[in-house]
Structures are given as structure tokens and as C-alpha cells.
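Residue numbers (the working numbering): 26 to 182.
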């Protein structure tokens with residue numbers, strides 16, 4: 026259970042509510058090409074659950090990288106790790122197989138997104154606060170804690 030609520034966001038509460046409550050769009054090329062190089066915060070949804078929040082310098086480029094399964098994109102990496110069971114070293118050192126690319130695309134086809142433009146020097150801090158409140162599946166606090174436990178080495182007897 027999340028111990029933080031929208032009220033903890035203070036003056037950023039309305040921006041957060043717009044991000045999670047405004048109209049969502051299927052994550053398709055037809056729905057991103059017109060976005061341009063705007064700063065902003067993106068929220069990705071899967072079946073009405075927030076699965077990822079990030080800030081970016083170019084909303085279009087970030088969404089395009091996800092659609093193109095660019096393995097340097099944070100969400101794509103997280104999908105490869107959480108859904109396909111790949112480790113970070115393998116992701117960095119090898120090209121993605123066509124099979125893995127297709128598996129990631131199949132997951133991405135389920136996504137919807139919303140975004141808000143924010144022209145603020147504090148966009149990273151605002152984005153991080155939004156993550157604390159929503160605890161997204163892929164890059165939220167619970168996910169990070171699970172990674173700490175998953176990375177715990179076996180004790181040698």
C-alpha cells in the first residue's frame with residue numbers, strides 16, 4: 026500500500042491529476058508523430074494501471090524510441106528485464122533478436138499513454154515525485170525494492 030497521496034505533491038497536484046486522468050492515447054506511430062520536441066512528463070498505462078512514468082526533453086523522441094524497441098530506452102530495458110527475464114549485461118552487450126523485439130512490441134501494443142508539457146527546471150524532481158505517488162509497475166518504488174532483493178547474492182556456506 027502506498028503511503029503517499031496526491032496531496033503530498035502540493036502545487037504540482039493538478040499537473041499529476043491531468044497526467045493520470047486526461048484522455049489516453051494508444052501507443053502507436055499515428056498517435057505520436059505530431060508531438061514534437063517538447064519537454065514533458067509521460068505516463069504509460071497498461072490496462073488502466075500506471076506502469077511507467079518518465080520526464081524527457083522530447084516527448085516524440087522518447088515515445089518513438091519505445092515504439093522502435095530501442096534497447097537504450099529505459100522502458101524497453103525494463104520490459105526486457107521484467108517481462109523477458111534478460112539481465113542488464115546481456116542487454117548491453119548483444120543485439121536484440123527479432124523474436125525478442127517482437128515480444129516487446131506485443132507488450133507495447135497494450136500500452137496507452139498520456140503526457141503533460143512542463144517547462145520547469147525541476148522536471149526531473151517533479152517526475153520523481155509523480156513516481157513516488159503512483160508507484161508504477163516498471164519504475165516505481167516497489168519495483169526498485171524488488172530489484173534490490175532479486176540482486177541479493179546467494180550466501181556461500
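In this text, a Cβ means the ideal position worked out from N, Cα and C, and glycines have one as well. These figures come from a predicted structure and were not determined experimentally.
Residue i versus residue j - alpha carbon distance
i, j, result
"residue 32", "residue 156", "14 Å"
"residue 94", "residue 160", "23 Å"
"residue 134", "residue 71", "9 Å"
"residue 80", "residue 62", "13 Å"
"residue 65", "residue 29", "23 Å"
"residue 162", "residue 141", "20 Å"
"residue 47", "residue 122", "36 Å"
"residue 55", "residue 87", "15 Å"
"residue 112", "residue 83", "28 Å"
"residue 130", "residue 114", "21 Å"
Counted within 10 angstroms of its Cβ, other Cβ atoms place residue i as buried (16 or more) or exposed
i, result
"residue 178", "exposed"
"residue 57", "buried"
"residue 173", "exposed"
"residue 42", "exposed"
"residue 44", "buried"
"residue 98", "buried"
Rounded Cβ spacing between residue i and residue j (contact assumed at less than 8 Å)
i, j, result
"residue 100", "residue 106", "Not really, about 11 Å apart at Cβ, beyond 8 Å."
"residue 49", "residue 139", "5 Å"
"residue 143", "residue 40", "7 Å"
"residue 125", "residue 109", "6 Å"
Where the alpha helix (DSSP H) containing residue i begins and where it ends
i, result
"residue 155", "148 to 159"
"residue 107", "99 to 107"
"residue 162", "Neither: residue 162 is in no alpha helix (DSSP H) and is coded neither H nor E."
"residue 119", "From DSSP, residue 119 is part of no alpha helix (DSSP H); its letter is neither H nor E."
Contact check, residue i vs residue j, beta carbons under 8 Å
i, j, result
"residue 96", "residue 67", "no"
"residue 85", "residue 60", "yes"
"residue 78", "residue 152", "yes"
"residue 34", "residue 148", "no"
"residue 69", "residue 104", "no"
Residue i, enclosing beta strand (DSSP E) - first and last residue
i, result
"residue 74", "74 to 81"
"residue 133", "Where residue 133 is concerned, there is no enclosing beta strand (DSSP E), although the alpha helix (DSSP H) it sits in stretches over 123 to 133."
"residue 137", "136 to 142"
"residue 68", "65 to 71"
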